[in-house]
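Chains as they are written, first to last, in the numbering used here: chain F, 1 to 437; chain U, 438 to 874. Don't be surprised by glycine CBs; every beta carbon is placed ideally from N, CA and C. The structure displayed is predicted, hence computed values, not measured ones. Have a look at the structure below, then the notes.
There are 2 protein chains.
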Amino acid sequence: MAKTIHAAAADIRAGRLSPIDLLETCLERIDRLEERIRAWVLVDRDGARAEAKRLTEELKRGQYRGPLHGIPIGIKDIFDVFDWPTAAGSRLWANSIARQDATVVRKLREAGAVLVGKTVTTQYASFDPSPTRNPWNLERTPGGSSSGSAAAVATGMCLGAMGSQTGGSITRPASYCGVAGCKPTYGRVSCDGVVPLAHSMDHPGPIASCVHDLATMLVAIGKGFGNLLPDLPGTPPPPAIGRLRGLFEDRAHAAVLRVMDEVDSVLRERGADVVDLTLPASFSEVVERHRIVMAVEAAQFHELRLRRHPEDYGPNITKLLEEGIACPATDYARAKEHQERLKEEMRICIEAVCVDVLLCPATTMPAPDRATTGDPAFNSPWSYTGLPTISFPVGLSDDGLPLAIQLVAKEYEEPEAFWAALWCEKALAVRMAEPPL
Amino acid sequence: MAKTIHAAAADIRAGRLSPIDLLETCLERIDRLEERIRAWVLVDRDGARAEAKRLTEELKRGQYRGPLHGIPIGIKDIFDVFDWPTAAGSRLWANSIARQDATVVRKLREAGAVLVGKTVTTQYASFDPSPTRNPWNLERTPGGSSSGSAAAVATGMCLGAMGSQTGGSITRPASYCGVAGCKPTYGRVSCDGVVPLAHSMDHPGPIASCVHDLATMLVAIGKGFGNLLPDLPGTPPPPAIGRLRGLFEDRAHAAVLRVMDEVDSVLRERGADVVDLTLPASFSEVVERHRIVMAVEAAQFHELRLRRHPEDYGPNITKLLEEGIACPATDYARAKEHQERLKEEMRICIEAVCVDVLLCPATTMPAPDRATTGDPAFNSPWSYTGLPTISFPVGLSDDGLPLAIQLVAKEYEEPEAFWAALWCEKALAVRMAEPPL
Chain F
1 MAKTIHAAAA
11 DIRAGRLSPI
21 DLLETCLERI
31 DRLEERIRAW
41 VLVDRDGARA
51 EAKRLTEELK
61 RGQYRGPLHG
71 IPIGIKDIFD
81 VFDWPTAAGS
91 RLWANSIARQ
101 DATVVRKLRE
111 AGAVLVGKTV
121 TTQYASFDPS
131 PTRNPWNLER
141 TPGGSSSGSA
151 AAVATGMCLG
161 AMGSQTGGSI
171 TRPASYCGVA
181 GCKPTYGRVS
191 CDGVVPLAHS
201 MDHPGPIASC
211 VHDLATMLVA
221 IGKGFGNLLP
231 DLPGTPPPPA
241 IGRLRGLFED
251 RAHAAVLRVM
261 DEVDSVLRER
271 GADVVDLTLP
281 ASFSEVVERH
291 RIVMAVEAAQ
301 FHELRLRRHP
311 EDYGPNITKL
321 LEEGIACPAT
331 DYARAKEHQE
341 RLKEEMRICI
351 EAVCVDVLLC
361 PATTMPAPDR
371 ATTGDPAFNS
381 PWSYTGLPTI
391 SFPVGLSDDG
401 LPLAIQLVAK
411 EYEEPEAFWA
421 ALWCEKALAV
431 RMAEPPL
Chain U
438 MAKTIHAAAA
448 DIRAGRLSPI
458 DLLETCLERI
468 DRLEERIRAW
478 VLVDRDGARA
488 EAKRLTEELK
498 RGQYRGPLHG
508 IPIGIKDIFD
518 VFDWPTAAGS
528 RLWANSIARQ
538 DATVVRKLRE
548 AGAVLVGKTV
558 TTQYASFDPS
568 PTRNPWNLER
578 TPGGSSSGSA
588 AAVATGMCLG
598 AMGSQTGGSI
608 TRPASYCGVA
618 GCKPTYGRVS
628 CDGVVPLAHS
638 MDHPGPIASC
648 VHDLATMLVA
658 IGKGFGNLLP
668 DLPGTPPPPA
678 IGRLRGLFED
688 RAHAAVLRVM
698 DEVDSVLRER
708 GADVVDLTLP
718 ASFSEVVERH
728 RIVMAVEAAQ
738 FHELRLRRHP
748 EDYGPNITKL
758 LEEGIACPAT
768 DYARAKEHQE
778 RLKEEMRICI
788 EAVCVDVLLC
798 PATTMPAPDR
808 ATTGDPAFNS
818 PWSYTGLPTI
828 SFPVGLSDDG
838 LPLAIQLVAK
848 EYEEPEAFWA
858 ALWCEKALAV
868 RMAEPPL
């Protein structure tokens, strides 16, 4: 398995590993695997080497920026990175060089991250399949839209990567590829310098190989944490967990239901307080309403370009945008009202049962074939309500594909979510194999 | 002479001229003259025609957006225009397509302007000469950095254009090309979506063929005017004018001194109250300090790119950036202190003599040859102090080159500046010939 950020950080801090050597390991993996995986739009070997060298020299002078110092990170190709193109899967934008960093990218640089390159996104962060392959089975989808970020982390081409989620674009690819993903609270991470999909549901967030690494990245890129990590107890107390059924069982495949029952029983066994939680009635409309909000807000941004350059839009995003363009304003207004109401109802619902986090499967099934990017039904509710989620793999299906669970917390309760996720990850004692490449 | 915006607007409103026909007149001029003038980076004939058609149809339905409805406008190539590249004179940015409009561009669209294309800027709005020619003499400079905007308006390829000024980049090209320019109060017009040169002195502003047209454009693009134009009296009262001597005579060539004396005596004759005004002692340092602020702030933005792509920087901007990079912070801090002090001293100085506006030449001399973009010494003080300026041509030199005067007002007193400029323009009864093309 590739190194975790926190293991690499410990080695770097102790002088056992240099940022240069760590980067070279990643570049070697890219050299060896990229032809099969196609996770990258651009790899800036020279730039990354220069930065790793500079950060290595800083260490020699006793300067240590923190746990991302010298850590190779990939950036989804919808984030502006100074002097690199931001194509976002568009052919016409292929040479559109960013004049400055997105806020998130600037923060990663300040934290000492080594930017390796831009990772493949589905076109405009929507759901036309990208060329990226799932490292666990090249004929399966890596999920979307953060396809390249998930596949690159899963294969150790970088230790963490930026993703973004409007439907299920962090949780789903991370889960399909057997790595961890965090979709933070809406507004926690800046969208400045990021190509939008649907402004009221766009969430930049990290993809990494474990929960701890997600927290490290989120503290660096988010607002209002102070410093989350020192608050993470070495041995967090067992959390109170509300297990979601309803929608989250109806649409789940057998392999997922089975793994959820196993997870449930291990967590209880280890001392977690797991209760079943009934969703508010208005939850049943979430998938349909989410589609309306996404279609309209995506069309708000893309309509003019779609008219000018229809050839630069794949069939799925085109269909979405056409829905948005044709949507009566009253339908959108009703969806927005529902979105606000559901946010409030979810808060009341979680408070009523006094749980720290909600638990549900991360995806409806293991990675399907490459005809789609998979079903975001278990993710879009959290993009819609803006609640923070953390997902991490818990095992493999019978056909050797990763399966993951997802924890959901109240708005801005990422610290609580991370305590719970760290506890669960440890309780479940997951040891993922490496993808069979 | 090309049509003014206000004459065209009157014809459009009265149904005597359609936006389509007006645009075609401009496109014909581009077809006829562009090869010699080289004012444009990009002309979007199809896009402009579609927009002119739409605006013509709006008029048929009785919709009138105001005095920019259907007016062809050029945009300096440092402003982002949706779906057009923003090259800013960089080769590497030649295909960097803007994802959205700069604020100023959005406001122009909302006001009904027809965007004709992107006008040539010197590289990064600095002072390496651009390929644009001066329409009055093809061997002379059109000035910089808003070279294309000034030359395009002077030749009727568009009726108004966006420029920007950090040193003398609006007033100087406008004056050299025989048209009018307004550098608004610092902060009056948004720099959002504009490639920066020096953030504390960057001023987007309009170039047009007369003072009235500048006001029309400024109301559309600026903040906090309410609606300036209805407040402009038909016959404004004679203004109280403080004539600047000192620096503004020491560096002026004979032709400029002669024209200033003529202007002075006509304005007095017509009833203006003209008094000589002595500049604060600290004014003598303005040219040198301006250079420091510009060099440091330009380097703040460009340093990393200059290091990565030295081949994408001309000799003059390179020299400026190297000065900025080498500048001790204390020199910059002293210049910033001086800049703040001079702003305050200029306010006191103008209030002490109870004048509406200051009067000085717009440039030190008529357009020099194409080896430079000309001397910004009479403009950079106003970029440095942020005071609003209006310049307009008052005649021709013996060798047939335009000469202009410049009025300067107190911060945010654009309305007063426009009243005075309209009065002066009328009093001087300037009738500029067309450039001899």
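For Pro-361 of chain F, the secondary structure class from DSSP, reduced to helix, strand or coil, is strand. Excluding five sequence positions before and after Phe-225 of chain F, the CB atoms of its chain that fall closer than 7 angstroms to its own CB belong to Val-219, given in chain order. Arg-245 of chain F is positioned such that its CB atom lies closer than 8 angstroms to that of Asp-276 of chain F. The three-state secondary structure of Gly-324 of chain F, taken from DSSP, is helix.
No Cβ of chain F is located within less than 8 angstroms of the beta carbon of Leu-545 of chain U.
By the Cβ test, the region 353-371 of chain F is in contact with the region 388-403 of chain F, since at least three Cβ pairs between them sit closer than 8 angstroms. With respect to the 8 angstroms criterion, Leu-306 of chain F and Leu-320 of chain F are not classified as neighbours on the basis of their beta carbons. Within chain U, the residues whose beta carbon sits less than 7 angstroms from that of Arg-305 of chain F are Asp-520, listed in sequence order. Check the Cα spacing between Pro-813 of chain U and each of U:Ala-611, U:Leu-479 and U:Gln-500: the tightest is with U:Ala-611. About 13 angstroms separates the beta carbon of Lys-76 of chain F from that of Met-217 of chain F, a gap too long to meet the 8 angstroms contact definition. In terms of CA proximity to Gln-602 of chain U, U:Ser-627 leads the group U:Arg-498, U:Leu-596, U:Gly-615 and U:Ser-627. For Val-518 of chain U, the CB contacts under 8 angstroms within the same chain, skipping 5 residues up- and downstream, are Ile-512, Ala-535, Asp-538, Ala-539, Val-542, Leu-552 and Lys-555 in chain order.
In the three-state scheme derived from DSSP, where H, G and I count as helix and E and B as strand, Ser-820 of chain U is classed as helix. Unbroken alpha helix (DSSP H) stretches of 4 residues or longer found wholly inside the region 491-569 of chain U: 540-547, given in chain order. With a contact defined as Cβ atoms closer than 8 angstroms, His-640 of chain U and Tyr-623 of chain U qualify at about 6 angstroms.
Listed along chain U are Ile-534, each with a C-beta nearer than 7 angstroms to that of Trp-93 of chain F.
Counting of Cβ neighbours within 10 angstroms places Thr-4 of chain F among the buried residues, the total reaching 16 or more. The region 489-502 of chain U makes no contact with the region 518-531 of chain U; the number of CB pairs closer than 8 angstroms stays below 3. If you draw a straight line from the Cα of Trp-423 of chain F to the Cα of Gly-205 of chain F, it is about 21 angstroms long. Under the three-state reduction of DSSP output, Lys-847 of chain U falls in the coil class, being neither helix nor strand.
In the three-state reduction of the DSSP assignment, Ala-252 of chain F falls in the coil class, being assigned neither a helical nor a strand state. The beta-carbon distance between Ile-292 of chain F and Ala-329 of chain F, rounded to whole angstroms, is 11 angstroms. This is too long to meet the 8 angstroms contact definition. In the three-state scheme derived from DSSP, where H, G and I count as helix and E and B as strand, Arg-707 of chain U is classed as coil.
The beta carbons of Leu-108 of chain F and Ile-78 of chain F sit about 15 angstroms from each other, so the pair does not count as a contact at 8 angstroms. Note that the C-beta distance between His-253 of chain F and Arg-289 of chain F is not below 8 angstroms. Of the candidates F:Leu-358, F:Asn-379 and F:Arg-243, the residue whose Cα lies closest to the Cα of Asp-261 of chain F is F:Arg-243. Per the C-alpha coordinates, the member of F:Glu-51, F:Arg-36, F:Gly-70 and F:Leu-27 positioned closest to Ala-8 of chain F is F:Gly-70.
Sequence-distant Cβ neighbours of Val-632 of chain U in its own chain, meaning closer than 6 angstroms and more than five residues away, are Ile-515 and Ala-525.
Neighbourhood of Val-195 of chain F in chain U, by CB distance below 8 angstroms: Arg-536, in chain order.
In the same chain as Phe-283 of chain F, and ignoring 5 residues on each side of it, no C-beta atom comes closer than 6 angstroms to its own. Going by beta carbons, Pro-798 of chain U and Val-723 of chain U fall outside the 8 angstroms limit. For Ser-145 of chain F, the closest alpha carbon among the candidates F:Glu-411, F:Glu-303, F:Pro-388 and F:Arg-370 is that of F:Arg-370. Secondary structure note for His-338 of chain F: it is in no beta strand (DSSP E), and the uninterrupted alpha helix (DSSP H) holding it is 329-352. The alpha-carbon separation between Ile-762 of chain U and Asn-134 of chain F amounts to approximately 47 angstroms. Using a 10 angstroms sphere on the CB of Arg-36 of chain F, the tally of other CB atoms stays under 16, which defines it as exposed. Listed along the chain, the chain U residues whose CB falls inside 9 angstroms of the CB of Arg-308 of chain F are Gly-484 and Asp-520.
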